[in-house]
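Input: a single structure, listed below in structure tokens.
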Amino acid sequence: MKLDKRSIALLSLSAALAHNCLWGLGLAKAQQSTDFNTPVTEFPAVPQTPGNYILGAGDQIAVVVFGYEEFTGARVVLPDGTMPFPFLGSIQAAGKTVDDLSNEITQGLNAYLVNPVVNVSLTALRPVVVDVAGEVYRPGPVQLSSLTTAETQLNVDARITQATTTPTLSSALVAAGGIRRTADITSVIVRRQLPGGEVQDISVNLWDSISNAGQGNNLVLRDGDAIFVPRALADAEIDPALVASSSIAPDNVRVRVIGEGVVQPGEVQVQPNSSVSGAIAAAGGPNADAALGEVRLVRLAENGQVEEQKVDLSSLVDTYQIQDGDVILVPKKGYLVGIDTVGRALTPLLGPFGAIINLFNLFDDN
């Protein structure tokens, strides 16, 4: 039976093997000495993908069998996890690494070819869906585009270096709206389902990556990963200004600017690394009656206490960084400012029962 299959395969490949008639019994040796002047079919690769990447439905791969164009080409892992291949039928690709698949194809082709040389590479990763929970602005499942290719080059004579990216932990946090100021980024947990039903919890310190100019561990995610961002402790040694300028911060934060000393009082959205004066500018800026030396920054602390801080903007020096949910009061000249003043200023907005804590409830997500 094996000889019949071999005969059929050799007949179907006779045209392709005609130019290799000198190989004969020395085929294996001839394959080891590759002629680099001979054009070779190339496919865009994914260089950043780790070697233990597990294939799944939707992954696009390229299979090259050196010397045999009949077996060479682009393949896609089908929804059932299989991949069709000449003479081998449907090969189970899902759940295997690229090296595993290459070895399986090599073993299968051994029945038809002498010492086949097979190379399998990823050309495009399937979309990755992960679940994000904890201290992010939009918790829930997010889908990440797992491959971004700046340039694709198939011409051997004019190579162009490709710029590709893979789905990382930081990109998932950005897709979830960015981290909250209460997030503990020193111990983000990624729960991963391993082959065989085992579960692995991976702790990632993103603060190292931010504080060391991107030299930390930005984990490459897999489809089905679950991410949890815990709440930071009060004594966490994290620089809020540096985090606010990082790629995992939200695009904008919400701040309420109130008082008779601002042109357009109300809620504004500003970048997370903005200052108090920047938030006031987003509200139209101070008017002619503004008491810039008596501006108040009101913030709900992690312990539930309301904190008030005087900010003197009359000297044009502003080193105060705002946070999501902050309230800025810009009074007019001659006003006595305090927490009660903030409450009175909000009464038209909140009604007669507008307690100071309701001020911060304005920022709760609906």
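Position one of the sequence shown corresponds to residue -15 (the numbering used here), numbered consecutively onward.
Cβ coordinates follow ideal geometry from the N, Cα and C atoms, glycine included.
Owing to the predicted nature of the structure, the values given are computational and were not obtained by experimental measurement.
- Residue range V102 to A108 is occupied by the beta strand (DSSP E) that includes N103.
- Our two residues, I173 and L109, have alpha carbons roughly 23 Å apart in a direct line.
- Rounded to whole angstroms, the separation of the alpha carbons of Y304 and L297 is 10 Å.
- Assignment of beta-bridge partners to R164 by DSSP yields no partner.
- From the listed residues G318, E291 and A46, the smallest Cα separation to Q307 is found for E291.
- Per DSSP, the continuous beta strand (DSSP E) segment holding G118 begins and ends at V112 to G118.
- For A228, the enclosing alpha helix (DSSP H) has its first and last residue at P224 to A228.
- Exclusion of the five residues before and after Q76 leaves G65 and T66 as the residues of its chain whose Cβ lies within less than 7 Å of its Cβ.
- The Cβ atoms of A267 and P249 lie closer than 8 Å to each other.
- Taking all protein chains in view, the Cβ of R122 is surrounded by fewer than 16 other Cβ atoms within 10 Å, so the residue is classified as exposed.
- DSSP places F55 within a helical segment (H, G or I) once states are collapsed to three.
- Residue pairing for R283: DSSP places it in a beta bridge opposite E291.
- Taking a cut-off of 8 Å on C-beta distances, the stretch 78 to 85 touches the stretch 35 to 44, as three or more cross pairs fall below it.
- Using a Cβ distance threshold of 8 Å, E244 and K294 do not count as a contacting pair.
- Three or more Cβ pairs closer than 8 Å define a contact, and the stretch 249 to 260 meets that threshold against the stretch 232 to 240.
- V49 is the residue among V49, V61, V113 and G118 whose C-alpha sits nearest the C-alpha of N87.
- V104 places its beta carbon less than 8 Å from that of V47.
- Within the same chain, Cβ atoms closer than 7 Å to the Cβ of I264 are found at V241, V246, P270, I312 and V314, the five residues on either side in sequence being excluded.
- Rounded to whole angstroms, V60 and I45 show a C-alpha spacing of 6 Å.
- Spanning the alpha carbons of R206 and V114 requires a straight line of approximately 8 Å.
- The secondary-structure analysis by DSSP pairs A46 across a beta bridge with A58 and S105.
- Taking the CA atoms as reference points, S230 sits about 17 Å from P151.
- At a Cβ-Cβ threshold of 8 Å, S155 and L190 do not count as neighbours.
- Rounded to whole angstroms, L128 and V279 show a C-alpha spacing of 43 Å.
- For I312, the beta-bridge partners assigned by DSSP are V241 and L281.
- DSSP places V254 within a strand segment (E or B) once states are collapsed to three.
- Contact annotation, V260 with L281: C-beta distance approximately 6 Å; criterion of less than 8 Å satisfied.
- Assignment of G208 by DSSP, reduced to helix, strand and coil, places it in the coil class.
- Residue G262 holds the alpha-carbon nearest to the alpha-carbon of L300 among S74, G262 and V126.
- Proximity to G92 across P111, F69 and L106 peaks at F69, based on C-alpha coordinates.
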